[in-house]
Amino acid sequence: MTKIPVDVGMIYEGERIRKNAMHVEFGGPKSFGAELFRVAGSDAVGKDKVTVVGPDIPEMAEGARIPLGMFIRAAGKKLEEDLEGVFERRMHYYFNYIQGFMHLNSRDTIWCRLNKDAFKAGLKFEHIGAAIIDLFKKEYDVIEKMDLTFYTDEKAVNEFIEQARAVYEKRDARLRGMKDEDVDVFYGCVLCQSFAPEHMCTISPERISSCGSISWFDGRAAVKVDRD
Ligand code: SF4
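Heads up: the sequence shown runs through residues 14 to 241, numbered per the working numbering.
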């Protein structure tokens, strides 16, 4: 088990990292990045493996703005592609559980910050990745294997974003043409209440969530996995 030099838990979920407390910023309006969760065959997925393509956190100068790609692949006999969007949104949750790390937004608009205390404690991507994999596997026993790749090399991040956008487009295309009248149930999401306590989304085929990352199909898949 990888020893993580900071705390990890729900208590850190609403932690804000202001500019003065920040050591490094990833993605956001002054850089770029994306996150993607994919279901894959067991042979293709490493066993709890974390890979870093590009500079790791200790090599990052104070105040740096770095592009970031975060790519999770998971395998499990009961996992379905329909669940990818749901698990991808859980990334927002779990990355915020890491003390000193802040995650905002979704898909190719992610914006993350690492604070000075976490940097001084020696936090690296292998620690963040190990924590994320552990959190996913503890919550969802349908996940048997998982790997996580962090991209910080600019060219690799750009290539990853292109790959991620093709997957987002494929997911979104499923909903085009569907009408609210075609279904007999809508879904609600309150995932953002750690940041916005009075916020909730109602998600129907024609009304996608505010974050853009939970569709009606994702709502349906989330309910299914929560009930199983
Ligand atoms: S669907 Fe709404 S509440 Fe849920 S994560 Fe997206 S913006 Fe937040």
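Think of the CB as a built atom: it goes at the ideal place given N, C-alpha and C, for glycine as much as any other residue.
Who are the Cβ neighbours of residue i in its own chain at under 7 Å, not counting the five residues just before and after it?
i    : result
T15  : E139, H140, A143
A235 : V99
K150 : I156, M159
Restricting to Cα atoms, I'd like to know which of the options is closest to residue i.
i    : options               : result
R184 : G98, A209, R126       : G98
R189 : P218, E157, Q112, E48 : P218
E194 : R220, E175, I174, G41 : R220
V203 : D197, A134, E211      : E211
K43  : I85, V19, P80, P18    : P80
G41  : D69, I123, A53, E75   : I123
F230 : P18, I70, D95         : D95
S226 : C214, V236, K237      : C214
Tell me whether residue i, by its Cβ, gets closer than 6 Å to a heavy atom of ligand 1.
i    : result
L204 : yes
I227 : yes
S223 : yes
C214 : yes
With a CB to CB cut of under 6 Å and the five nearest residues on each side skipped, what residues in its chain are close to residue i?
i    : result
A77  : V37
T64  : T162
G232 : Y200, I216
Tell me which same chain residues have a C-beta within less than 8 Å of the C-beta of residue i, skipping the five on either side of it?
i    : result
V170 : F45, G46, A47, G67, P80, L81, G82, Y164
Scan the stretch 45 to 89 and note each continuous beta strand (DSSP E) run of 3 residues or more that stays entirely inside, going in chain order.
Segments of the beta strand (DSSP E) lying fully in the stretch 45 to 89: 46 to 52, 62 to 66, 77 to 79, 81 to 88.
Is it the case that the stretch 117 to 133 contacts the stretch 30 to 38, given that we only count it when at least three CB pairs across the two stretches are under 8 Å?
When Cβ pairs closer than 8 Å are counted between the two stretches, the stretch 30 to 38 is seen to touch the stretch 117 to 133, the count reaching three or more.
Minimum length 4: unbroken alpha helix (DSSP H) runs contained in the stretch 108 to 170
Segments of the alpha helix (DSSP H) lying fully in the stretch 108 to 170: 129 to 133, 138 to 152.
Would you say the stretch 114 to 123 touches the stretch 152 to 169, given that touching needs at least three Cβ pairs under 8 Å?
The answer is no - the stretch 152 to 169 does not touch the stretch 114 to 123, with fewer than three Cβ pairs under 8 Å.
Can you confirm whether the stretch 54 to 70 touches the stretch 94 to 114 when touching is taken to mean that 3 or more C-beta pairs between the two stretches lie within less than 8 Å?
Taking one beta carbon from each stretch, the stretch 94 to 114 and the stretch 54 to 70 have fewer than 3 pairs nearer than 8 Å; the two do not touch.
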